[in-house]
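Here the structure comes first, spelled out in structure tokens, and everything after it is commentary.
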Amino acid sequence: MSEGSPNIRLGSPDVGERELVEVAEVLESGMLTMGPKVAEFEAEIARLCEVEHALAVTSGTAALHLAVLALDLEPGDEVLVPAYTFPATANVVALSGLKPVLVDVDPETMNIDPSKIEVGPRTKLLLGVHLFGRPLPLHELPDVPLLEDAAGALGAKYRGRACGGLGVAGCLSFHPRKVVTTGEGGAVTTNDGEIAAAVHTMRNHGWRSLSPPDMPAPGLNYRLSDILCAVGIPQARRLDELMAQRARVAEGYSERLRDLPVLLPRADDGDVHGWQAYVLQVDDRDRVLAELRAQGIEAQIGTYALHELGAYADQGPFPGAARVFERALALPLHSRLTDANLDRVAAALDKLVSSH
Ligand SMILES: *Cc1c(COP(=O)(O)O)cnc(C)c1O
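Numbered as in numbering that gives the first Met the number 0, the sequence shown ends at 355 without a single skipped number.
Below, the structure written as structure tokens:
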């Protein structure tokens, strides 16, 4: 059935005419780095995350790095990180001279398992991930400052409150596989003026002022250019529309797949899933993934079990993370998918999991 049908892409950024117009304005202005589009994009992101400050940076990883540095922890302080996440979440902690302490995830939600969290005397922070856009169960988390890895959770809501505005700070990514993309990009969101000021200074080499030159501490260059912020502005303005399109696809899959022997993703009752990815769990995932790809359906694994990577192999075991790493399957998710596309994916999956 696949012969002749075009591939169904995993992702496809929803960008076009409006983004071109914004970018053209920047190119015509000649001001390509931190110009007016940065502030405009930041205002949109702050509004969406219901916070006072949003600071645009070069990636989600840069956002995480600066947010962790801005919290001024002591070398060797411990930061709780889920064992199943994109590695950047733990990498920024380790590279900041802190200790990432991995915590197993709930094999059903794929998010950190609150019952597995142990708070010790050196635990200073919980770096909580709303994985694939599913909000964390905040009410079950211990009383430890929360830094949100909301890289995939722009637009997601925990009990009516925007992800990215739930902790001391939030970190967003605008990589092309996220809901809003600037090609590469990220942002730190916060209501804390001191954190905002620290990120603002550190993303620009550490300059507090240029004349007279005032650099109280070393910084980095993580500035996001005006060109890329221009790409993000129209998408941020139509986030509701982008989210509705993704929810349509996610609900379309869940409707079609509900009777199959697979575990379908969802948010807790009362929460809004951000649908950065639609990740189900299935037995014999590698075979299913290979077969889908052979049929032109660009599926993908979920993300990584950190303790199975050399960098974090000294921790574990984490049976929840190991199980999800083996079973997670991301289906194509973007606004251009048609009902016929969803039918084709569902029919292929039906055959693969039922024939086994
Ligand atoms: C995408 C992502 C990141 C990294 O963002 P980049 O912009 O690619 O650096 C970090 N954490 C999570 C959970 C992500 O989904």
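Virtual Cβ for every residue (Gly too), placed ideally from N, Cα, C.
Helix, strand or coil at residue i [DSSP, three-state]
| i | result |
| --- | --- |
| K177 | coil |
| T88 | helix |
| D283 | coil |
| Q299 | strand |
| E49 | coil |
| R202 | coil |
| G147 | Here the sequence assigns Glu to residue 147, which means Gly is not the residue at that position. Three-state DSSP puts E147 in a strand. |
| M0 | Residue placement at M0 is poorly supported in this model, since its pLDDT is 47, which falls under 50; the coordinates are not used for a value here. |
| N220 | strand |
| G315 | coil |
| A55 | strand |
| A347 | helix |
| V352 | helix |
| N190 | coil |
| L330 | strand |
| A293 | helix |
| G182 | coil |
| L305 | helix |
| I116 | coil |
| L262 | strand |
| A152 | coil |
| R8 | coil |
| A276 | coil |
| D13 | coil |
Cβ distance (whole Å) where residue i is taken to contact residue j below 8 Å
| i | j | result |
| --- | --- | --- |
| C228 | A62 | Not quite, the Cβ-Cβ distance comes to about 14 Å (not below 8 Å), so this is no contact. |
| P106 | G319 | 4 Å |
| V128 | N110 | 7 Å |
| D282 | K156 | In fact, because the Cβ distance is near 32 Å, the residues do not count as touching under 8 Å. |
| P72 | L97 | Correcting the residue identity first, residue 72 is Leu in this sequence and not Pro. About 6 Å separates the two Cβ atoms, so the contact holds. |
| Q280 | V14 | Q280 to V14, Cβ: 31 Å. No contact. |
| S171 | G59 | At residue 171 the sequence reads Leu, which differs from the Ser that was named. Indeed, because the Cβ distance is near 6 Å, the residues count as touching under 8 Å. |
| K36 | D225 | 4 Å |
| L305 | L101 | 6 Å |
| V167 | P141 | Going by Cβ atoms, the distance from V167 to P141 rounds to 15 Å, so no, they are not a contact pair. |
| L70 | M201 | Not a contact, Cβ separation roughly 12 Å. |
Range covered by the beta strand (DSSP E) that runs through residue i
| i | result |
| --- | --- |
| C170 | 168-172 |
| P81 | 77-81 |
| K98 | 98-102 |
| V323 | It is not in any beta strand (DSSP E) - V323 instead sits in the alpha helix (DSSP H) that spans 318-326. |
| L126 | 122-128 |
Boundaries of the alpha helix (DSSP H) in which residue i is found, first to last residue
| i | result |
| --- | --- |
| P212 | Here P212 belongs to no alpha helix (DSSP H), and DSSP marks it neither H nor E. |
| Y252 | 238-256 |
| G59 | 59-69 |
| V25 | 16-28 |
Contact with chain C by residue i, beta-carbon distance below 8 Å
| i | result |
| --- | --- |
| G163 | Here there is only one protein chain, and chain C is not present. |
| request: Check each residue's C-beta against every heavy atom of ligand 1 and list, in chain order, those closer than 6 Å. | output: S58, G59, T60, T84, F85, A87, T88, V128, D148, A150, G151, S172, H174, G185
| message | Would the segment 254-272 count as touching the segment 124-141 if we require 3 or more Cβ pairs under 8 Å? | response | yes
| request: State whether the segment 191-201 contacts the segment 40-59, with contact taken as three or more CB pairs (one from each stretch) at a distance under 8 Å. | output: yes
| Taking three-plus beta-carbon pairs below 8 Å as touching, is the segment 321-341 in contact with the segment 266-282? | yes
| query | Should the segment 278-293 be called in touch with the segment 174-194, which here means at least 3 C-beta pairs below 8 Å? | reply | no
| task | Examine the Cβ distances between the segment 63-81 and the segment 114-124 and report whether three or more of them are shorter than 8 Å. | result | yes
| How do the segment 238-248 and the segment 216-227 stand: do at least 3 beta-carbon pairs fall below 8 Å, yes or no? | no
| query | Does the segment 155-172 come close enough to the segment 30-49 that 3 or more CB-CB pairs lie under 8 Å? | reply | yes
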